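What follows is a single structure, written as structure tokens, with notes after it.
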Amino acid sequence: MKRLSLILVLAFVAATLVTAQDIKVGGVGPVTGEAATFGVSTKNGVMLAAEEWNAKGGLFNNRKVRVIFEDDKGDPAEGATVYTKLIQQDNVVAIIGTVMSKVTLAGAPIAQAAGVPMISPTSTNEMVTKVGDYIYRACFIDPFQGTVGANFAFKDLGARKAAALFDIGNDYTKGLAENFRAQFLKLGGQVVAFEGHPFGATDFKAQLTKILAGKPDVLYVSDYYNDVGLIAKQARELGFTGPMVGGDGWDSPDLVKIGGNAVNNGYFTNHYAAADPRPIVQEFVKKYKAKFGAEPDALATLAYDAANIMFDAIKRAGSTKGSAIRDALKTTNLNVVSGQVTFDANRNPIKAAVIIEMKDGKQVFKTTVNP
Amino acid sequence: MKKFNLPKLLIFVIAFYAAIQILYSTEIMNGYILHIINQSLIYVILAVSLNLINGITGQFSLGHMGFAGVGAYVSGTISTLVFKINPSSPNGMLIFILAIVAGGLAAAVVGFLIGFPSLRLKGDYLAIVTLGFGEIIRTVFNNIDYVGGPRGLLGIPKFSNFTTITIAALITIVVIRNLVESSHGRAMLAVRENELAAELVGVNTTRYKVLAFVIGAFFAGIAGGLFAHLLQMAHPTQFGFIKSVEVLIMIYAGGVGSITGSTIAAFALTFLSEGLRIGIRAIADATGLPIGGEWRMVVYSLLLIFIMLFKTEGLMGTKESKLIRLKEVE
Amino acid sequence: MGAIFNAQQIVNGLQVGSIYALIALGYTMVYGIVRLINFAHGDFYMLGAYAAYGVFFAFNALFVGKTGLMAFVVLIASMAAGGLIALLTNRLAYKPLRYKPKLSSLITAIGVSMFLEYFLSALPVVGPSYRSFPDILPRVNINLGNAVISNYVIIDIVIAAVLMVGLTLLIKKTTLGMAMRAVSQDKDAARLMGIDIEKVIAFTFLIGGSFAGAAGLLAGMTYPRIVPYMGIQPGLKAFIAAVLGGIGNIPGAVLGAYIMGLAETFASAYNSLIGEGIAFAILIVVLLVRPRGLLGEKFADKI
Chain A
1 MKRLSLILVL AFVAATLVTA QDIKVGGVGP VTGEAATFGV STKNGVMLAA EEWNAKGGLF
61 NNRKVRVIFE DDKGDPAEGA TVYTKLIQQD NVVAIIGTVM SKVTLAGAPI AQAAGVPMIS
121 PTSTNEMVTK VGDYIYRACF IDPFQGTVGA NFAFKDLGAR KAAALFDIGN DYTKGLAENF
181 RAQFLKLGGQ VVAFEGHPFG ATDFKAQLTK ILAGKPDVLY VSDYYNDVGL IAKQARELGF
241 TGPMVGGDGW DSPDLVKIGG NAVNNGYFTN HYAAADPRPI VQEFVKKYKA KFGAEPDALA
301 TLAYDAANIM FDAIKRAGST KGSAIRDALK TTNLNVVSGQ VTFDANRNPI KAAVIIEMKD
361 GKQVFKTTVN P
Chain B
1 MKKFNLPKLL IFVIAFYAAI QILYSTEIMN GYILHIINQS LIYVILAVSL NLINGITGQF
61 SLGHMGFAGV GAYVSGTIST LVFKINPSSP NGMLIFILAI VAGGLAAAVV GFLIGFPSLR
121 LKGDYLAIVT LGFGEIIRTV FNNIDYVGGP RGLLGIPKFS NFTTITIAAL ITIVVIRNLV
181 ESSHGRAMLA VRENELAAEL VGVNTTRYKV LAFVIGAFFA GIAGGLFAHL LQMAHPTQFG
241 FIKSVEVLIM IYAGGVGSIT GSTIAAFALT FLSEGLRIGI RAIADATGLP IGGEWRMVVY
301 SLLLIFIMLF KTEGLMGTKE SKLIRLKEVE
Chain C
1 MGAIFNAQQI VNGLQVGSIY ALIALGYTMV YGIVRLINFA HGDFYMLGAY AAYGVFFAFN
61 ALFVGKTGLM AFVVLIASMA AGGLIALLTN RLAYKPLRYK PKLSSLITAI GVSMFLEYFL
121 SALPVVGPSY RSFPDILPRV NINLGNAVIS NYVIIDIVIA AVLMVGLTLL IKKTTLGMAM
181 RAVSQDKDAA RLMGIDIEKV IAFTFLIGGS FAGAAGLLAG MTYPRIVPYM GIQPGLKAFI
241 AAVLGGIGNI PGAVLGAYIM GLAETFASAY NSLIGEGIAF AILIVVLLVR PRGLLGEKFA
301 DKI
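Chains as they are written, first to last, in the working numbering: chain A, 1 to 371; chain B, 1 to 330; chain C, 1 to 303.
Below is the structure:
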């Protein structure tokens, strides 16, 4: 009995010695469930970044990063469990996650209370980073993209009558649509229809028929690419020929695959243009394609950026202490795929937006909008 | 004359509570395990209360999480938006308890409304109506900006902890068990076994069906309130159809009509779903297979099918543990 | 109000309804025979769509210029996939529980549904991402003056009608149909009459599953985007449609499906933010007035 416990203790010590080199970082995303496609992109982005850092010799003192990626199923309850697991069971030093605001908002208070810094790649709800000083994000917040989209529609496209369509169950798409409406009205435009659809819908014609009866000049669609493709197709089928405007949810190679020609004359706000000649952008797109066999979508890009921001902060902190990493995050000034990133006082990134036009089934860089 | 075996159950629960507290405070057990236990206990409340409706009274409800949603939103509104309490505010605990009870009562009122269709509808037709009610409740939350709409009700203070949740689970089990063993419970079982025959022997079936919905909904509301104050948020998607199905699985996997079964299944399935995270990672590490979290639910669903194929009556059948069985006294 | 109740919205509602109808037909048929809410039915629909997708890309090169033939092959593939998986599910998961409490089969059905979704999603060749469904037939919009209708809508409606009539004839006119009706009314008596119950049930699953598979193909063509979770919502809606029409009743399922489609469309057009809620409220009211569905028969309760 004594010998057995001695062996166990030795094994435990040996295990800690071996793994002490690795820095454990948590990753969270919905890799199963109805948002799984977004979770998988996110996981790919994080894993690619970790691989690159490890190929370069790790974060600091030759210590490599080991990402423990957990599934939250897009469910807040599951999210809270996963954050607790990563912090209490796996003792991660930081967390990259998660995708949906509602789940991030269940996880953030846990990370904040435990003093574990976290960065969400894609949670756009303003409340997320207000949870506390350990919580950062890599994406725009809701008001920004909606406002930029409204300005573009009104000023550049010359639209005076707009309509919006969004997912009623998704705060990201609703938030963008609401902010679009507010700004468009402020500019003196008219919003002739403001319509929602349930999550998972495939037929949007009831809403589109009503929208088109108001004869809008522009249609603001703040959904993700999978819905946008169908919406565009159905809107064109019903005879709408005007421009459509949306947010970064459009950014995916699948947008054109699903929507075909219908997405032409579409514009969306995004973090970067895939054709941007900056080497970091071209490198990322190339590596991602080689590894995962598909072009990255916005979620993969932001996850990659979020991971790089976090790894860079850990490196600069030169420590695995939560407060040290948090302080390093605060002074981030890093060139990532979506641009040069610094953080404002609310831990939101300050970075420019670009507007991309869909032309002949291709993304064409249109203009840059500074915050 | 039968008397409820309270002391034995109480001793068991106190021992369980003390053991967990000791393990946690000595850091043998980490906060992750404690969190799973808390969640399991909330599922115990949900499963036992749904068992009253589905298992004991034989009504087919598919909208149980809708009741939990009402409890979560009402209690969350009271604690967060009206009184703006936090764990350090004076009377915070008192307001929290009142908020939770208010959430339960609000859910009971909704349960009363949903109980009515059960007077006219049976089986699958009733299932559809309860499902529809659940979805309507979700639509309502989604459209009230005061409680956050699709952003969810945020910033709910964290009052739920192991102690409060254990007490609530114990009360639920005791109340529902006593009810089942009372003459009311017998009447409910009669409704399940044969409604027409029950009616003919003078059971007021209307009253018992509605009663089952009201009491079941009340405890579901309590569970929803506790959940909201554990996660510090409530979101419409947490209370949809798929979540109701999760609770449904627990009562059938545990054994229809068995409170012990529901309790064990709530723990077993919650721990199973978490255990698979670790299990699958271990397999991936050991074999080098490129598998990850996406296989967890594949295994979970297969296990569920196997449980139903090889243990068709559920883990406990209709049996009860000695701890909550009633004993004959002179 | 002009944008809410007009010819275009009626066309929209009919289109939504015809997809529901195709799924609901199989749903109600299986229910009529085995009294099981087959939660996995929506997943047979999903499998039909994926089978069509796979077969199209595997063999498209062989059928250049023969669009009609390709469409036929794809239809057979989707029906075969839905039907065979339904048959297999029945054999492995439902048959062992045939004489056990009904609700244990229900939980098994939920398990099968979860398994099919999560398994395909985890399988690297399928994966959880959305795939764009190819235009197997050319897409043509027909202008009716004050409404636009796509040729797919017409195809959906025609196929739903043909299948409904075919199924009714099968049940009313053939020996197999007679056996099906016998099994649905009284299993034990049917067995005493020499009917091989399991064979009849297996056949029911085969037909029901193949209908779901065909529906998956049509949905994929109409709404060109497929994903392993695509069967959940339509499956649920089709189930509701079947119940609304009177579960087990073939014309009832089609009627229920079109009512659901139209109700959803008008409710969404009236107020899209609470459209789903309104549709469910209508459903509840209808069921309270007609507790056995619109065309369901009234049975006397037996003691």
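C-beta atoms are modelled at their ideal positions from N, C-alpha and C, and glycine is treated no differently. Owing to the predicted nature of the structure, the values given are computational and were not obtained by experimental measurement.
- Taking 7 Å as the CB threshold, N151 (chain A) stays off the interface with chain C.
- Note on geometry: alpha-carbon atoms of A353 (chain A) and G148 (chain B) lie some 28 Å from one another.
- Straight-line spacing of the CA atoms in L230 (chain B) and D203 (chain A) works out to 37 Å.
- Around the CB of L200 (chain B), fewer than 16 other CB atoms lie within 10 Å, so the residue is classed as exposed.
- If you look at G339 (chain A), you'll find it isn't in any alpha helix (DSSP H); it sits in the beta strand (DSSP E) that goes 339 to 343.
- Using a CB distance cut-off of 7 Å, T139 (chain B) counts as an interface residue toward chain C.
- For Q363 (chain A), the enclosing beta strand (DSSP E) covers residues 362 to 369.
- Here F199 (chain A) carries a coil assignment [DSSP, helix/strand/coil].
- For I305 (chain B), the chain C residues whose Cβ falls inside 8 Å of its Cβ are A93, T108, G111, V112, F115, in order along the chain.
- Residue state for I22 (chain B) is assigned as helix, using DSSP reduced to three classes.
- Interface annotation, E294 (chain B): in contact with chain C, CB-CB separation under 7 Å.
- Residue contact check for N146 (chain C) against chain A: no CB pair falls below 7 Å.
- DSSP places Y83 (chain A) outside any beta strand (DSSP E); the residue lies instead in the alpha helix (DSSP H), whose first and last residues are 76 to 84.
- L176 (chain C) and A202 (chain C) have their C-alpha atoms some 12 Å from each other.
- Distance check between G29 (chain A) and each of B:E294, B:S49, B:F310, B:I242 places B:E294 closest, using alpha-carbon atoms only.
- Of all alpha-carbon atoms in B:L179, B:G66, B:F60, B:I14, the one lying nearest the alpha-carbon of G225 (chain B) is that of B:G66.
- With fewer than 16 other Cβ atoms inside 10 Å of its own Cβ, T342 (chain A) counts as exposed.
- Going by DSSP, Y31 (chain C) is part of the alpha helix (DSSP H) stretching over 7 to 34.
- M297 (chain B) has a beta carbon lying within less than 7 Å of a beta carbon in chain A.
- The beta carbon of T270 (chain B) lies closer than 7 Å to those of I36, Q39, S40, Y43 in the same chain, with the five residues before and after it left out.
- With respect to the 7 Å criterion, R296 (chain B) and I280 (chain B) are classified as neighbours on the basis of their beta carbons.
- One alpha carbon belongs to L126 (chain B), the other to R326 (chain A), and they sit about 53 Å apart.
- Nearest C-alpha to G132 (chain B) among B:S244, B:A102, B:L153, B:G317: B:S244.
- Counting along the chain, the unbroken alpha helix (DSSP H) around T206 (chain B) starts and ends at 205 to 231.
- As the crow flies, the alpha-carbon of P117 (chain A) is around 16 Å from that of A345 (chain A).
- From the listed residues C:A242, C:L244, C:F211, the smallest Cα separation to L47 (chain C) is found for C:F211.
- When 8 Å is used as the limit between beta carbons, T32 (chain A) is near these residues of chain B: G293, E294, R296, M297, in chain order.
- Judged by their CB atoms, G27 (chain A) and I96 (chain A) are nearer to each other than the 7 Å cut-off.
- What E276 (chain C) touches in chain B, judged by beta-carbon distance under 8 Å, is E135, T139, going in chain order.
- Cβ contact annotation for N125 (chain A) (same chain, cutoff 6 Å, sequence separation greater than five): S101, D171, in chain order.
- Each residue's CA atom was taken as its position, placing I100 (chain B) and S79 (chain B) some 9 Å apart.
- If the five residues before and after F267 (chain B) are omitted, its C-beta is found closer than 6 Å to the C-beta atoms of S40, all from its own chain and listed in chain order.
- Each of C:I4, C:I10, C:N6, C:L25 was checked against the Cα of V162 (chain C), and the nearest Cα belongs to C:L25.
- When the beta-carbon positions are compared, Q207 (chain A) and S18 (chain C) stay at least 7 Å from each other.
- Shown here is that no member of the segment 239 to 260 of chain A has a Cβ falling below 9 Å from a Cβ of chain B.
- Any Cβ of chain C closer than 7 Å to the Cβ of N86 (chain B) would place that residue at the interface, and such an atom is absent.
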